[in-house]
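A.B. asks:
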Amino acid sequence: MPSTIKSENKTLNIAGKKTQLTILGEGPPLLYLHSAGGETEPIAFHKKLAEKHTVYLPAHPGFALSEGLDRIDDINDMAWHYVDLIQELGLEDVPVVSYSLGAWIASEVKLLRPRLIGPTVMIAAAGLHVDGAPMAELFIDEFDDLRKLLFFNPESQEAKDYFPSDVNDPRILMWLRAREATARVGWNPYLHNPKLLQHLHRLDSPVQLIWGKQDKLIPAAHGEYYAAHLPNAKLIELEECGHMVPYEKTEEAAEIALDFLLTENA
1 MPSTIKSENK
11 TLNIAGKKTQ
21 LTILGEGPPL
31 LYLHSAGGET
41 EPIAFHKKLA
51 EKHTVYLPAH
61 PGFALSEGLD
71 RIDDINDMAW
81 HYVDLIQELG
91 LEDVPVVSYS
101 LGAWIASEVK
111 LLRPRLIGPT
121 VMIAAAGLHV
131 DGAPMAELFI
141 DEFDDLRKLL
151 FFNPESQEAK
161 DYFPSDVNDP
171 RILMWLRARE
181 ATARVGWNPY
191 LHNPKLLQHL
201 HRLDSPVQLI
211 WGKQDKLIPA
221 AHGEYYAAHL
231 PNAKLIELEE
241 CGHMVPYEKT
251 EEAAEIALDF
261 LLTENA
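The numbering of the sequence shown is my numbering, which starts it at 1 and goes up by one.
#1: Does the distance from the CB of Glu-67 to the CB of Lys-17 come in under 8 Å?
#2: Which class does Glu-142 belong to by DSSP, given the choice of helix, strand or coil?
#3: For the region 130-143 and the region 219-238, state whether three or more C-beta atom pairs, one from each stretch, are separated by less than 8 Å.
#4: Under a Cβ-count criterion, where at least 16 other Cβ atoms within 10 Å of its own Cβ denotes burial, should Glu-8 be classed as buried or exposed?
#5: Measure the alpha-carbon distance for Ile-123 versus Asn-168 and round it to whole angstroms.
#6: So Thr-263 is in the alpha helix (DSSP H); what residue range does that whole segment cover?
#7: Using the three-state DSSP reduction, which class does Leu-89 fall into: helix, strand or coil?
#8: Under 8 Å: do the region 21-30 and the region 50-57 share three or more Cβ pairs, one atom per stretch?
#9: So who's on the other strand from Val-94, going by DSSP bridges?
#10: Where does Glu-39 fall in DSSP's three states?
#11: Within 8 Å, do at least three Cβ pairs link the region 106-124 to the region 235-255?
#12: Select from Leu-262, Ser-35 and Pro-194 the residue whose C-alpha is nearest the C-alpha of His-129.
#13: Taking Gly-37 as the reference, give the member of Glu-51, His-60 and Thr-19 with the closest Cα.
#14: Helix or strand or just coil, what does DSSP make of Glu-239?
#15: What is the DSSP secondary structure of Pro-246, reduced to helix, strand or coil?
#16: Classify Gln-208 as buried or exposed, calling it buried when 16 or more other Cβ atoms lie within 10 Å of its own Cβ.
#17: For the putative contact between Leu-101 and Thr-182, defined by C-beta atoms under 8 Å, what is the C-beta separation to the nearest angstrom?
#18: Cα separation between Lys-47 and Gly-132?
#19: Out of Asp-166, Glu-51, Leu-230 and Ala-228, which has the shortest C-alpha to C-alpha gap to Ala-257?
#20: Need the endpoints of the beta strand (DSSP E) that Ser-7 sits in, please.
#21: Residues in its own chain within less than 7 Å of Val-185 by CB, not counting five upstream and five downstream?
#22: Please report how far the alpha carbon of Glu-239 lies from the alpha carbon of Ala-254, in whole angstroms.
Here you go:
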């Protein structure tokens with residue numbers, strides 16, 4: 001990895017909503033849509049992607065310093081926000097790497113404006129209800145329980161570094177904001193759109209699905225369902241990995257994503 005990666009922070013006005021945007025690296029454009037965990041500051045996974053791409057890393061409304069949550073009532077509102085943002089950036093057919101909540105958003109944007117989003121990496125994607133494989137409860141207060149839910153090894157250094165340790169942790173405010181923003185689009189129905197199932201056949205761009213085989217939040221059966229019902233998708237399941245794929249399998253997941261995008265954009 002280069003010792004320094006070009007980085008720029010911007011504040012955009014997206015249809016009247018103040019939106020935080022970080023731009024990393026150089027090369028062909030790539031849009032990263034983050035999870036409910038709110039990885040809005042560059043992490044190692046983003047930096048790996050930025051070795052080959054200019055990575056656009058916006059914060060969803062209500063996350064980090066982005067505003068406008070009062071104008072987001074459901075996933076459809078969030079998707080329209082990203083239609084506006086992608087157009088503001090002057091992008092079209094842009095490759096997307098998306099994670100969990102972000103992968104759900106990517107699917108919804110693609111349905112609204114198919115030409116805006118190109119080849120897509122979907123990591124541990126929310127968005128579906130799969131019979132027999134219910135999603136676990138994300139909106140819990142105990143940090144130790146959350147670590148056990150999200151990580152294959154909750155005692156790993158990555159797991160301990162990721163979460164605020166207690167209410168005195170300076171990251172707690174951003175964590176609480178992220179949870180509130182997620183609840184606006186994912187409380188009821190819980191982290192899925194009942195109508196998405198019937199539209200999966202319309203999402204015909206190439207899709208690389210990446211899943212942790214031991215994902216306890218969104219079981220791997222969801223990845224298998226996406227793979228079976230998207231017209232042009234393939235699935236890779238990673239062993240000894242929970243929901244936190246970009247943290248637990250940083251190098252491996254980034255390599256899969258970059259190889260996929262290189263092949264699709266060749």
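Where a beta carbon is used, it is the ideal one built from N, C-alpha and C, also for glycine.
C.D. replies: The structure says:
#1: yes
#2: coil
#3: yes
#4: exposed
#5: 31 Å
#6: 250-264
#7: coil
#8: yes
#9: Ile-117
#10: coil
#11: yes
#12: Pro-194
#13: His-60
#14: coil
#15: helix
#16: buried
#17: 6 Å
#18: 37 Å
#19: Glu-51
#20: 7-14
#21: Ile-72, Asp-74, Ile-75 and Met-78
#22: 15 Å
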